[in-house]
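Residues are numbered in our numbering as their position in the sequence shown, beginning at 1, plus a constant of 137.
Quick notes on the structure that follows.
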Amino acid sequence: MSPDITALFMEHRRSLIDYATGLIGSRTQAEDVVQEAWLRLDHAARQQLLREPLSYLYRIVRNLALDGQRRTAVEKRIFSSAADDVIAAYPDVRPSAEMVALYKEDLELLREALAELPERTRVAFEMHRLGGCKLREIATVLNISTPMAQLLVMDGLQHCKHRLGWP
Numbered sequence: 138m139s140p141d142i143t144a145l146f147m148e149h150r151r152s153l154i155d156y157a158t159g160l161i162g163s164r165t166q167a168e169d170v171v172q173e174a175w176l177r178l179d180h181a182a183r184q185q186l187l188r189e190p191l192s193y194l195y196r197i198v199r200n201l202a203l204d205g206q207r208r209t210a211v212e213k214r215i216f217s218s219a220a221d222d223v224i225a226a227y228p229d230v231r232p233s234a235e236m237v238a239l240y241k242e243d244l245e246l247l248r249e250a251l252a253e254l255p256e257r258t259r260v261a262f263e264m265h266r267l268g269g270c271k272l273r274e275i276a277t278v279l280n281i282s283t284p285m286a287q288l289l290v291m292d293g294l295q296h297c298k299h300r301l302g303w304p
């Protein structure tokens, strides 16, 4: 980098920041833009002879400022609307008051049905249906065969369905 380019930048740095601030509206961001413009000017000056480096520097500042504004506008549009869309896309996992009222009686019947089961059948049913355990895991815990674990789970299921009046 030639000393005259460095001197040119240092001489006009404050006016470049003022220029960028007018375009962006933020002095802090303007300083960042001017710094980036300096790096680009330095790179360009190493590659080629610049006829009008000051004009080139102002053009770099202007382009960087406008690019930053466009990027910010796009990000605001994407993230502000995307967040609302994402939130709206996910249903509320909590049951509504109507659903609670509708199934409250069924839940109480299910609790009663589970309480009526023999302990081994209840444990097998709860492990499989509520705990997501595999039949071989149930068999190991209860010290029974896998087919016996399946039979216990099916017995528990049939009893609960009968008590709830399901087919």
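The beta-carbon is built from N, C-alpha and C at its ideal position, and this holds for glycine as well.
Given residue i, which residues of its chain have a CB within under 8 Å of its CB, disregarding the five upstream and five downstream residues?
i: Q287; result: L272
Does DSSP classify residue i as helix, strand or coil?
i: H245; result: One point to set straight first is that residue 245 is Glu, not His, in the sequence displayed. Three-state DSSP puts E245 in a helix.
i: C297; result: helix
i: E189; result: coil
i: L194; result: helix
i: P232; result: coil
i: F146; result: helix
i: S163; result: coil
Give me the Cα-Cα distance between residue i and residue j, rounded to the nearest whole angstrom.
i: A261; j: V290; result: 6 Å
i: D155; j: A174; result: 14 Å
i: R177; j: K213; result: 27 Å
i: G293; j: L246; result: 14 Å
i: C98; j: H296; result: With the chain covering only 138 through 304, there is no way to say anything about residue 98.
i: A330; j: T209; result: Because residue 330 is not part of the residues shown, which for the chain are 138 to 304, the question remains open.
i: P284; j: R231; result: 36 Å
i: K241; j: E235; result: 10 Å
i: A157; j: Q206; result: 11 Å
i: G162; j: D141; result: 30 Å
i: L239; j: E274; result: 34 Å
i: L187; j: I215; result: 39 Å
i: P304; j: K298; result: 7 Å
Measure from the alpha carbon of residue i to the alpha carbon of each residue in the options, then state which is nearest.
i: P190; options: H149, R266 and A157; result: H149
i: R300; options: A276, L244 and M264; result: L244
i: V170; options: P232, P255, Q295 and V198; result: V198
i: A152; options: T143, I142, D141 and E168; result: One detail in the question is off: residue 152 reads as Ser in this sequence, not Ala. Ranking T143, I142, D141 and E168 by Cα distance to S152 puts E168 first.
i: L145; options: M264, Y193 and Q185; result: Y193
i: Y195; options: G268, S282, T277 and Q172; result: Q172
i: H180; options: V211, P255 and T143; result: T143
i: Q166; options: P255, D204 and E253; result: D204
CB-CB under 6 Å to residue i, same chain, minus the five flanking residues each way: which ones, in chain order?
i: R266; result: none
i: R259; result: L251
i: L160; result: A202
Between which residues of its own chain and residue i is the CB-CB distance below 7 Å, once the five residues before and five after are set aside?
i: R257; result: L279 and L289
i: S282; result: A276
Heavy atom of the ligand ATP less than 6 Å from the Cβ of residue i, yes or no?
i: H299; result: Absence of the ligand ATP from the depicted structure is noted, as is the absence of any ligand whatsoever, leaving it without description.
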